[in-house]
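Novice:
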Amino acid sequence: MLLVGATDADHAFFSAESGIDWDVIFLLLGMMLVVAVLKRTGAFEYVAIWSVKRARGRPFRLMVVLVVVTAAASAMLDNVTTVLLIAPVTFLVCERLEVPVAPFLIAEAMASNIGGTSTLVGDPPNIIIGSRGGLTYLDLLVHLAPLVVLLVAVRPRSPRTSNGRHWRSSRACS
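Start counting the sequence shown at 49; every next residue gets the next number (the working numbering).
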């Protein structure tokens, strides 16, 4: 539209009708920068190692710990970034414990979506809604965090593999 002269740059980029919400774009850019810095420090690897130690090599405990860590991280980062940071650790740990990785990844994806819902920065739609609606970080947190805690706490009682048997680990993490 700019090329054919149907509108000017001011209207295209800065009017309310343009659909470009610069607050959202700059918040996402800032989050990407924070994640890049944290990744270089090894903070995510530290949290992953802590999670494995906390679970003591037990697959179900590990899933619970990873789900809680994923949900908490997703409340502070966006969902996709959280899963992309947690998934490589999950692959490594599941290979070491000789358990199927799919249930872990599915649980982490669900936890990421649920955890991201609790805060203004956890999910891009929340950023847009908060920006357009004039909501603060605390507004969303107060109203959504209790629901998110409940949803993360609701988990399968005994995870099973696709053939119906309980997960068993032949090796424990040391």
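In this text, a Cβ means the ideal position worked out from N, Cα and C, and glycines have one as well.
Note the first and the last residue of the continuous alpha helix (DSSP H) segment covering D71.
Specialist: Segment 70–89, the alpha helix (DSSP H) holding D71.
Novice: Candidates M79, A84, G182, M158: which alpha carbon is nearest A119's?
Specialist: For the residues M79, A84, G182, M158, the minimum Cα distance to A119 belongs to M158.
Novice: Quick one: Cα of V149 to Cα of V83, how far?
Specialist: Roughly 25 angstroms separates the two Cα atoms.
Novice: Can you check which of these residues, A96, V100, D187, A91, is closest to T165 by C-alpha distance?
Specialist: The residue with the shortest Cα to Cα distance from T165 is D187.
Novice: Can the beta-carbon of V190 be found closer than 8 angstroms to that of M79?
Specialist: Cβ atoms of V190 and M79: not closer than 8 angstroms.
Novice: Can you tell me where the alpha helix (DSSP H) holding G163 begins and where it ends?
Specialist: Its alpha helix (DSSP H) spans residues 150–164.
Novice: Can you give me the C-alpha to C-alpha distance between V131 and L86, rounded to a whole angstrom?
Specialist: Taking the straight line joining both Cα atoms gives about 15 angstroms.
Novice: In this structure, does DSSP put D187 in helix, strand or coil?
Specialist: DSSP places D187 in helix when its eight states are reduced to three.
Novice: Are at least three pairs of beta-carbons, each pair with one atom in the stretch 172–185 and one in the stretch 93–104, less than 8 angstroms apart?
Specialist: Verdict: no, contact absent.
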